[in-house]
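A.B. asks: Here it is: the structure, laid out below.
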Amino acid sequence: MLKKDRHRLLKRQIRKAGLQNYAGEKISRFLDMIDEAYFSFDTDLNRVETILEESSKELFRVNQTLRNESEFAKSRLNNIVNSIHDVLFQTDNFGNFIYLNKAWYELTGLSWKRSIGKNYKNLMVGLNRQEKLRIKKFLKERKKDYRTVFKYYKPNRELKWIELNMSITYDKKGNANGTIGTMIDVTVLKETEIQLNKASQAKDEFLSTMSHEIRTPLNAVIGLTNILLLEEHLPKQIENLEALKYSGEHLLGLINNILDLNKIHSGHVHYVEAEFSMKDLINELHAHFRHTAGKRYLVFKISTDKNIPDAILGDRLMLIQVLKNLLGNAFKFTDNGKVELRIELMELDNAEVRLKFSVSDTGIGIPARKQKSIFNRFVQAEHNTSRLYGGTGLGLTISKKILNILNSDLQLKSDEGEGSTFAFELGFKLAKPKIVSKGKAKLGETTTDQIKLKVLVAEDNKLNQMVLGKLLSKWGIIYTITNDGLELLEVFENDDFDLILMDLQMPNLDGYKTTKRIRKLPNLSKANIPIIALTAFAQEEVKIKTSKFEMNGFMTKPFNPNEFHKLLSFYGNKIQNAG
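Rendered as structure tokens:
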């Protein structure tokens, strides 16, 4: 008989095979082996099922833990994002918002529900048309980053200034799929900037008004001194007049330095390229400082390379201001010896020239410890320098800043007690050699040649009227003086003149508006009359503006008799030659 407690599967197979009553020893052992294998399989199966069940439970626990951690991380990230005061946003490829944090409502006053899915153009109503076009171009060209600041009014009309920063986002294949960015409330910063600009503008206006009030009587003092120097006087009187002139010009120079420094700091000084003669510039410097050199018993020398082209393109006013500052300093701090300006040719080709300018003196020199700080505002080599030699310490600061605008820098070499050398290099474009040098001026020999001219003057200041009248009378010029633009137009309508001298700042009708009306007169002879602007400001912007209003030139107050006579002679000769 077969065993009764065999495995259920084996029992079923034995029944199917009809072996229930088969009792052979060999088959019985074989069936025992099969039976043992079945039980062993069941045991292994139970073990595997137990392991799988445990694994499943563990996997569930791990999965639940990960889910919880993920939810926690997501919640924490959302809390962080929503606690940020700056707006974080995401848009699709079309500029529709697909994500906005809570700061959106605080900044814009628009709800998340109202804004999500909407296009930025419909929500950012403060963006002007130009800004929208720039953003559209940014989205189309897929540039790396975009930044702008724009004005925005919330629904309650509260003004906000918003800084917008955007970057393009990409999918796994590298295709652009939208933008991500921030919006920052910069209202306080912008309002502060506006207030600072207003304060700066008020300061500029105050300085301009103050300088005008100081310049007006000072111009008269210098102008009348110049007129007196044209007449015969005793040596002692000439000495006193020259001292008076020097003092007036020194004070005027201080005012100019303060205004120039303010303009540089305000960003109102710009490079203006124009054609000029290097020989004329050298002659002007020579004439300007030769008298100073003679009074101080100093040798003054200007050395130039003979191969330097005469006609060049550059900012003449900036260049001569730097050179006058450096030469003025050299004379001021040199008691004996010499002052020299060297102009060296560094590079020259068919289109450009590069020059090196060096101003050397045999003066007091600058201590090594002061050579870095000497370029700072109001700084001088020693505390007693100002008392001994005068000055405010602004000249070098202005010169260095001007050279920085011209993409150059001021270099210093100095030994205390032995003198200093200030040097810089500048590049210029070559101009067509059509400028004719005016030749070297003779200092102290103001011509008294008579000039045949009939001149109409517009000048509101009585002192300046007196100075102009005395100069014009001395040169035999017939003149009529009016107090403003309206008076000038009335006189001009009823009389003919060869030239108009036009003050720029006048009540009722200023020089610019008056000139504009003259140029529109139907009588072409009157409309095309030469007009020379009279101004206390020699800045390049005045030159540009007078040219824009079709003026023929300008004279700077206080008038230099030599230059003024030369200018009037030019028009007198022109009229005589035409006649």
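According to our numbering, the residues represented by the sequence shown are 3 to 581, in order. Positions of the beta carbon are idealized from the N, C-alpha and C atoms, including for glycine.
First and last residue of the alpha helix (DSSP H) that includes residue 248?
C.D. replies: First-last of the alpha helix (DSSP H) with residue 248: 237-267.
A.B. asks: Tell me whether residue 273 sits in a helix, a strand or coil according to DSSP, three-state version.
C.D. replies: If DSSP states are grouped into helix, strand and coil, residue 273 belongs with coil.
A.B. asks: In terms of alpha-carbon separation, which member of 175, 185 and 173 lies closest to residue 162?
C.D. replies: Nearest of 175, 185 and 173 to residue 162, Cα basis: 185.
A.B. asks: By DSSP, does residue 355 sit in helix, in strand, or in coil?
C.D. replies: It is a strand residue.
A.B. asks: For residue 419, count neighbouring C-beta atoms within 10 Å of its own C-beta (all shown protein chains included) and say buried if the count is 16 or more, exposed if not.
C.D. replies: Exposed, because fewer than 16 other Cβ atoms sit within 10 Å of the Cβ of residue 419.
A.B. asks: For residue 411, which of 425, 285 and 452 has the nearest alpha-carbon?
C.D. replies: Nearest C-alpha to residue 411: 425.
A.B. asks: Assuming residue 361 and residue 314 are in contact, meaning their beta carbons sit under 8 Å apart, how far apart are those beta carbons, in whole angstroms?
C.D. replies: About 19 Å separates the two Cβ atoms, so there is no contact after all.
A.B. asks: If we count the other Cβ atoms within 10 Å of its Cβ and call it buried at 16 or more, is residue 578 buried or exposed?
C.D. replies: Exposed.
A.B. asks: What does residue 279 pair with, by DSSP beta-bridge criteria?
C.D. replies: Its beta-bridge partners are 313.
A.B. asks: DSSP three-state label for residue 507, please.
C.D. replies: The answer is coil: DSSP assigns residue 507 none of H, G, I, E or B.
A.B. asks: Below 8 Å, how does it come out for the segment 549-561 and the segment 528-537: are there three or more Cβ pairs, yes or no?
C.D. replies: Yes, since at least three Cβ pairs between the segment 549-561 and the segment 528-537 fall closer than 8 Å, the two stretches touch.
A.B. asks: Taking all protein chains shown into account, decide if residue 301 is buried (16 or more other Cβ within 10 angstroms of its Cβ) or exposed.
C.D. replies: Residue 301 comes out exposed.
A.B. asks: Given a threshold of 16 other Cβ atoms within 10 Å of its Cβ, counted over all protein chains shown, does residue 226 qualify as buried or as exposed?
C.D. replies: When all chains shown are included, residue 226 counts as buried.
A.B. asks: When you compare the CB positions of residue 261 and residue 310, do they come within less than 8 Å of one another, or not?
C.D. replies: The answer is no: Cβ separation not under 8 Å.
A.B. asks: From the DSSP output, in three-state form, read off residue 572 for me.
C.D. replies: Here residue 572 sits in helix by DSSP.
A.B. asks: Would you kindly check if the distance between the Cβ of residue 427 and the Cβ of residue 358 is under 8 Å?
C.D. replies: Yes, they are a contact pair.
A.B. asks: Rounding to the nearest angstrom, what Cα-Cα distance links residue 37 and residue 8 in this structure?
C.D. replies: Whole-angstrom Cα-Cα distance: 6 Å.
A.B. asks: Could you give the DSSP three-state label for residue 429: helix, strand or coil?
C.D. replies: Looking at residue 429 - three-state DSSP - the assignment turns out to be strand.
A.B. asks: Our contact map puts residue 422 next to residue 367 with C-beta atoms below 8 Å; I'd like the distance itself, whole angstroms only.
C.D. replies: Sure, about 6 Å apart at Cβ, within 8 Å.
A.B. asks: How is residue 479 classed by DSSP in three states: helix, strand or coil?
C.D. replies: Three-state DSSP puts residue 479 in coil, outside helix and strand.
A.B. asks: Give the single residue among 271, 223, 349 and 240 whose Cα lies nearest to the Cα of residue 254.
C.D. replies: Among 271, 223, 349 and 240, the Cα nearest to that of residue 254 is on 223.
A.B. asks: Quick one, are the C-beta atoms of residue 148 and residue 168 less than 8 Å apart?
C.D. replies: The answer is yes: Cβ separation under 8 Å.
A.B. asks: Do three or more CB pairs link the segment 194-211 to the segment 104-115 at distances below 8 Å?
C.D. replies: Cβ pair count under 8 Å is below three, so no.
A.B. asks: Measure the alpha-carbon distance for residue 509 versus residue 567 and round it to whole angstroms.
C.D. replies: So the two alpha carbons sit approximately 28 Å from each other.
A.B. asks: Go ahead and label residue 452 buried or exposed: buried means 16 or more other beta carbons lie within 10 angstroms of its beta carbon, across all protein chains shown.
C.D. replies: So residue 452 counts as exposed.
A.B. asks: Looking at residue 396 and residue 220, is the spacing between their C-beta atoms short of 8 Å?
C.D. replies: No, the pair does not count as a contact, with Cβ atoms beyond the cut-off.
A.B. asks: Quick one, are the C-beta atoms of residue 514 and residue 503 less than 8 Å apart?
C.D. replies: No, Cβ-Cβ distance for residue 514 and residue 503 is not below 8 Å.
A.B. asks: Excluding the 5 residues flanking residue 93 on each side, which residues of the same chain have their C-beta closer than 7 Å to its C-beta?
C.D. replies: Contacts found: 99, 100, 122, 180 and 181.
A.B. asks: Taking the alpha carbon of residue 484 as the reference point, which residue from 473, 512 and 44 has its own alpha carbon closest?
C.D. replies: For the residues 473, 512 and 44, the minimum Cα distance to residue 484 belongs to 512.
A.B. asks: By DSSP, does residue 523 sit in helix, in strand, or in coil?
C.D. replies: In the structure shown, residue 523 sits in coil (DSSP, three-state: anything other than H, G, I, E or B).
A.B. asks: If I'm right that residue 519 touches residue 491 with Cβ under 8 Å, what's the distance once you round it to whole angstroms?
C.D. replies: Yes, they are in contact, since the Cβ atoms of residue 519 and residue 491 sit about 6 Å apart, within 8 Å.
A.B. asks: Measure from the alpha carbon of residue 489 to the alpha carbon of each residue in 217, 50, 341 and 516, then state which is nearest.
C.D. replies: Selected option, being the one with the closest Cα: 516.
A.B. asks: Sort out for me which residues DSSP pairs residue 149 with in a bridge.
C.D. replies: Paired residue(s): 167.
A.B. asks: Would residue 276 and residue 217 be called neighbours here (beta carbons separated by less than 8 Å)?
C.D. replies: No, Cβ-Cβ distance for residue 276 and residue 217 is not below 8 Å.
A.B. asks: If you compare alpha carbons, which of 63, 273, 258 and 363 is closest to residue 416?
C.D. replies: Closest by alpha carbon: 363.
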